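Visitor: I am attaching a structure below and will ask some questions about it afterwards.
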Amino acid sequence: MTDDIDTLPSAPGAETTPRHLAPGEVGLVSPRDFIYAQPFSFRSGQSISGFQLRYETYGTLNATRDNAVLICHALSGDHHCAGWHTPADKKPGWWNNLIGPGKAVDTRRFFVVCANVLGGCQGSTGPSSSNPETGRPYGILFPFVTIGDMVRAQKLLLDHLGIVELHGVIGGSMGGMLALRFATDYPRFTRRVLGMATTGRESAQAIAFNEVGRQAIMQDPAWNRGDYTKDAGPRVGLAIARMMAHITYVSDASMDRKFGRRKKNTANGDAYTFDVQFEVEGYLRHQGQSFINRFDANSYLYITRALDQFDLAHAHGTLEQAFAAVEAETLIVGFTSDWLFPPEQNRQLTLALLRAGKRASYAELSTDLGHDSFLLESEELYGLVRAWIERDQPYVFDYAI
Amino acid sequence: MTKLVEKRTVDMEIIGDWVEPNTRVLDLGCGPGVLLDYLVQTKKVSAVGVDLELAKITTCVRRGLAAYQGDMTEFMAAFPDKHFDRVICSRTVHELGDPTAVITEALRVGRALTVGFVNHGFWKNRVDMLLRGRKLRNPVYTTEWFESRPANPVTIADFEHFCAAKKIHIARRAHLAGDWHSPCRALPNLFAGYALYDLAR
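Residue numbers (numbering that gives the first Met the number 0), protein chains in the order written: chain A, 0 to 400; chain B, 0 to 200.
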């Protein structure tokens, strides 16, 4: 996921009302930590003595404890999906356009939960957390994490919050994988699933891109087999991994529109140097630099590995068997310009659910923004989310022919 | 909240009569899901619709129906033989690019196929063309020529000929008069405004 979600132009009067105080926004929010103080076993067979998940909630859990909507983030996302942490924040949470009072995911009606995944580095336990046995960061001694492990940890959080069933779970990209695993692993708990720009398993091309990112990190001498302190580490490798991955989240058309062949105003205008010349170069370098200040290289290795390993069909024999237990109503949304998890992979998920006899829908949005289109500010997308989440009262037929 | 009311039409009622309760139904060109919603409410069918337009899919999802945005032939290719108890192609057949391929495929994935269409052989449609010389307009052909997808108008005689030529068994037929309401009892290609066929292999 990219960092640069374009925000709406300020409404008239926005100068007087700061956005975090505006009506229709969740406003100022604070993350919280869920501590699970019992041993937790991973799919790999390895275990840790306990873990922490950092999460945020918006809205109120109702008396029947069944109005919760879980938001699942993508590879580089986090628990902060709506609102502002401080009035000085430049940007709100990453899915602020979707979540808030009166928005498609209406926080007046739903209790929205979003947690940083297990293995992450934004406050949840992961390779950069302190290993209680050594007092140092786990590094690559951290157990291998799977999408299923992430889901199981988040289920423990939802149990802790007293949620008896999920009204819905929403995720894009890797978040869609988590949403699907909620449906297969907790069928009675998960009433609705909305997966966008997602897949039941990555193609060779997607795995290949992840591997190049991992190699950029691991070939950086500062990686030191995962043993580095918080302020050191493979900053060059991680930045390169991010620069390359960023290209896979957008599209040829959207990059061309944003940058074209425009050049930076460099001092001497000399074409015969390897300094930044094109705007797109400067942009990618900025993406890489801002990423290393917020993301841990080992987490990047672990989470991309979890993405590559995710394979619903392989785990159950066929996709139809994987979906056999699903009780959720599912909506899958593909985006025409997504070449990382292309529409075809999203269609295959829907078709397999339908072959398994499940209630599943597929919708496709025509965009040219690539994989990150799920973050799009689009009334069509909001309309779909509303239709999926709210559902009208049944239509009444007039039998007087 | 205002009550959401849909008008049930006679062709809808006939299609409903032909559908067995608690069966699996596929609607090709489901639009906003009015027919499927009716079948779910009256026959408790397990329903899925296919349509090309996002807005139609959104409305189906809002109704709680399963709907798939995409090409109907590609959709059917993803299903095993006889996966559906019944496939329905209502008010859509004239828009098909390759009617033979769609109907053949529908008879593979479905045990039965219901087709409903406007009869272009209806005398008023013939006279209207003769006198006005303009494209037919009615609740199926709702748009002007220049706002319409390519249409491939069909008559009852054409359709019967098609079934005979392709050796498709006609299990039931229903012909409605020009009001699309009362039954048409004689010379349907001339006197029926609307036709419904229940097909099998």
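Just so it is clear, CB atoms sit at the ideal spot from N, CA and C, and this is done for glycine as well. Note that the coordinates shown come from a computational prediction; the quantities given were computed from them, not determined experimentally.
For the segment 185–205 of chain A against the segment 334–350 of chain A, do three or more pairs of beta-carbon atoms, one drawn from each stretch, fall closer than 8 Å, so that the two count as touching?
Guide: Yes, the segment 185–205 of chain A is in contact with the segment 334–350 of chain A.
Visitor: Taking A:I169 as part of the beta strand (DSSP E), name the residues at either end of that continuous run.
Guide: Against the first sequence, residue 169 of chain A aligns to sequence position 170. Taken as a continuous stretch (DSSP letters only), the beta strand (DSSP E) holding A:I169 covers 165–171.
Visitor: When we look at the beta-carbon of A:H313 and count the other beta-carbons within 10 Å, is it buried (16 or more) or exposed?
Guide: On the first sequence, position 314 is the one that residue 313 of chain A refers to. Exposed, since its Cβ has fewer than 16 Cβ neighbours within 10 Å.
Visitor: Kindly indicate if chain B contains any beta-carbon less than 8 Å away from that of A:G170.
Guide: For the purposes of this step, residue 170 of chain A is identified with residue 171 of the first sequence, where counting begins at 1. Answer no: the Cβ-Cβ gap between A:G170 and chain B never drops below 8 Å.
Visitor: So, for A:D226: in the same chain, excluding its five sequence neighbours on each side, which residues have a beta-carbon less than 6 Å away from its beta-carbon?
Guide: As a working note, residue 226 of chain A is residue 227 in the first sequence. The residues are G138.
Visitor: Are the C-beta of A:S253 and some C-beta of chain B separated by less than 8 Å?
Guide: What you label residue 253 of chain A is simply residue 254 of the first sequence in a count that begins at 1. Cβ-Cβ to chain B under 8 Å: no for A:S253.
Visitor: Leaving aside the five residues before and after B:D84 along the sequence, list all residues of the same chain whose C-beta is less than 6 Å from its C-beta, in chain order.
Guide: Counting from one through the second sequence, the residue named residue 84 of chain B turns up at place 85. So the list reads T22, R23, R110, once near-sequence residues are dropped.
Visitor: Quick one: any contact between the segment 50–63 of chain B and the segment 357–374 of chain A, if contact means 3 or more CB pairs under 8 Å?
Guide: Yes, since at least three Cβ pairs between the segment 50–63 of chain B and the segment 357–374 of chain A fall closer than 8 Å, the two stretches touch.
Visitor: Which word fits B:F144, buried or exposed, when buried means at least 16 other C-beta atoms lie within 10 angstroms of its C-beta?
Guide: Locating residue 144 of chain B in the second sequence gives position 145, counting from the first residue. Looking at the sequence itself, residue 144 of chain B is Trp, so the reference to Phe does not match. Exposed.
Visitor: Can you tell me whether A:D5 is buried or exposed? The criterion is at least 16 other CB atoms within 10 Å of its CB, across all chains shown.
Guide: Taking the first residue of the first sequence as position 1, residue 5 of chain A is located at position 6. Confidence is the limiting factor: at A:D5 the pLDDT is only 43, short of 50, which leaves the residue's position unreliable, though a coordinate-based value still follows. Counting Cβ neighbours within 10 Å, A:D5 comes out exposed, since fewer than 16 surround it.
Visitor: Hey, is B:D127's beta-carbon within less than 8 Å of any beta-carbon in chain A?
Guide: Along the second sequence, read from residue 1 onward, the residue named residue 127 of chain B stands at position 128. No, no contact with chain A.
Visitor: In the DSSP assignment, find the beta strand (DSSP E) that holds A:Q121 and state where it starts and stops.
Guide: Numbered from its first residue, the first sequence carries residue 121 of chain A at position 122. That residue, A:Q121, is in no beta strand (DSSP E); it is neither H nor E in DSSP.
Visitor: Taking the beta strand (DSSP E) that A:I34 falls in, what are its first and last residues?
Guide: Translated into the one-based positions of the first sequence, residue 34 of chain A becomes position 35. Unbroken beta strand (DSSP E) run through A:I34: 31–35.
Visitor: So what's A:I162 in DSSP terms, helix, strand or just coil?
Guide: For the purposes of this step, residue 162 of chain A is taken as residue 163 along the first sequence, with counting starting at 1. Note: A:I162 maps to coil in three-state DSSP.
Visitor: Output the boundary residues of the alpha helix (DSSP H) element that contains B:D157.
Guide: Within the second sequence, residue 157 of chain B is the residue found at index 158, counting from 1. It spans 155–164 - the alpha helix (DSSP H) in which B:D157 sits, taken as one unbroken run.
Visitor: Buried or exposed, going by whether 16 or more other CB atoms sit within 10 Å of the CB of A:N345?
Guide: The count along the first sequence starts at 1 and reaches residue 345 of chain A at position 346. Per the 10 Å Cβ criterion, buried.
Visitor: For chain A, find out if any of its Cβ atoms is closer than 8 Å to the Cβ of B:R72; answer yes or no.
Guide: Counting from 1 along the second sequence, the entry for residue 72 of chain B is found at position 73. The question names Arg, but residue 72 of chain B is Thr in the sequence shown. Chain A contact via Cβ: absent.
Visitor: Is the number of C-beta pairs between the segment 82–98 of chain A and the segment 127–145 of chain A that are closer than 8 Å three or more?
Guide: Contact fails: fewer than three Cβ-Cβ distances are below 8 Å.
Visitor: Just how far apart, CA to CA, sit A:Q320 and A:A355?
Guide: Here residue 320 of chain A corresponds to residue number 321 of the first sequence, with the count starting at 1. Here residue 355 of chain A corresponds to residue number 356 of the first sequence, with the count starting at 1. The alpha-carbon atoms of A:Q320 and A:A355 are separated by roughly 7 Å.
Visitor: What residue from A:Y398, A:S48, A:H285, A:F41 has the CA that sits closest to A:Y35's CA?
Guide: Translated into positions along the first sequence, residue 35 of chain A becomes position 36. Minimum Cα distance to A:Y35 is reached at A:S48.
Visitor: List in chain order: all unbroken beta strand (DSSP E) runs of 3+ residues lying wholly within the segment 46–110 of chain B.
Guide: Here the runs fully enclosed are 65–68, 83–89.
Visitor: Can you tell me the Cβ-Cβ gap for A:A322 and A:S75, rounded? I've got them flagged as a contact below 8 Å.
Guide: One-based indexing of the first sequence puts residue 322 of chain A at position 323. One-based indexing of the first sequence puts residue 75 of chain A at position 76. Ala is not the amino acid found at residue 322 of chain A; the sequence shown has Phe there. 28 Å between Cβ atoms; not a contact.
Visitor: Between B:R131, B:L3, B:V9, which lies nearest to B:G115 when the distance is taken from Cα to Cα?
Guide: In the second sequence, residue 115 of chain B corresponds to position 116, counting from 1. Residue B:V9 is the option with its Cα nearest to B:G115.
Visitor: Take A:Q288 as the anchor and find which of A:F188, A:M217, A:H245 has the nearest alpha-carbon.
Guide: Residue numbering aside, residue 288 of chain A sits at position 289 when the first sequence is read from its first letter. Of A:F188, A:M217, A:H245, the residue nearest in Cα terms is A:H245.
Visitor: Say whether chain A places a C-beta atom closer than 8 Å to the C-beta of B:K43.
Guide: Within the second sequence, the letter at position 44 stands for residue 43 of chain B. So no, B:K43 is outside the interface.
Visitor: Name the DSSP bridge partner or partners of A:P227?
Guide: The residue labelled residue 227 of chain A in the question sits at position 228 within the first sequence. The sequence given here places Tyr at residue 227 of chain A; Pro does not occur at that position. The partner list for A:Y227 (beta bridge, DSSP) is empty, contrary to what the question assumes.
Visitor: Going along the segment 55–83 of chain B in order, which residues come within less than 9 Å of chain A, judged by CB to CB distance?
Guide: From the segment 55–83 of chain B, only I56, T57, T58, C59, V60, R61, R62, G63, L64, A65, A66, Y67, Q68, G69, E73, F74, A77, F78, P79, H82 have a Cβ closer than 9 Å to chain A.
Visitor: Could you pull out every residue in the same chain whose Cβ sits closer than 7 Å to the Cβ of A:A238, ignoring the five residues on either side in sequence?
Guide: If you number the first sequence from 1, residue 238 of chain A lands on position 239. Excluding positions up to five away in sequence, the list reads G287, Q288, F290, I291.
Visitor: Please classify A:K102 as buried or exposed, where buried requires at least 16 neighbouring CB atoms within 10 angstroms.
Guide: Counting from 1 along the first sequence, the entry for residue 102 of chain A is found at position 103. Buried: at least 16 other Cβ atoms inside 10 Å.
Visitor: Among the residues of its own chain, which have a CB less than 6 Å from the CB of A:V192, if the five just before and after it don't count?
Guide: Position 193 of the first sequence, counting from 1, holds the residue named residue 192 of chain A. V168, A178, A182, A327, T329, listed in sequence order.
Visitor: Are the C-beta atoms of A:T349 and some chain B residue less than 8 Å apart?
Guide: Translated into the one-based positions of the first sequence, residue 349 of chain A becomes position 350. Closer than 8 Å: yes.
Visitor: Assuming A:S253 is part of the alpha helix (DSSP H), what are its boundary residues?
Guide: As a working note, residue 253 of chain A is residue 254 in the first sequence. That run of the alpha helix (DSSP H) goes 251–257.
Visitor: Report the rounded CA-to-CA distance for A:L383 versus A:H72, giving the unit in angstroms.
Guide: On the first sequence, position 384 is the one that residue 383 of chain A refers to. On the first sequence, position 73 is the one that residue 72 of chain A refers to. In a straight line, the C-alpha of A:L383 is about 19 Å away from that of A:H72.
Visitor: Does the segment 130–137 of chain B touch the segment 161–176 of chain B, meaning 3 or more C-beta pairs lie closer than 8 Å?
Guide: Touching, no, given that fewer than three Cβ pairs across the two stretches are closer than 8 Å.
Visitor: Hey, is the segment 120–129 of chain B in contact with the segment 186–199 of chain B, meaning 3+ C-beta pairs nearer than 8 Å?
Guide: Result yes; three or more Cβ-Cβ pairs closer than 8 Å.
Visitor: List the endpoints of the continuous beta strand (DSSP E) containing B:K6.
Guide: Position 7 of the second sequence, counted from the start, is the residue given in the question as residue 6 of chain B. Per DSSP, B:K6 belongs to the beta strand (DSSP E) from 4–6.
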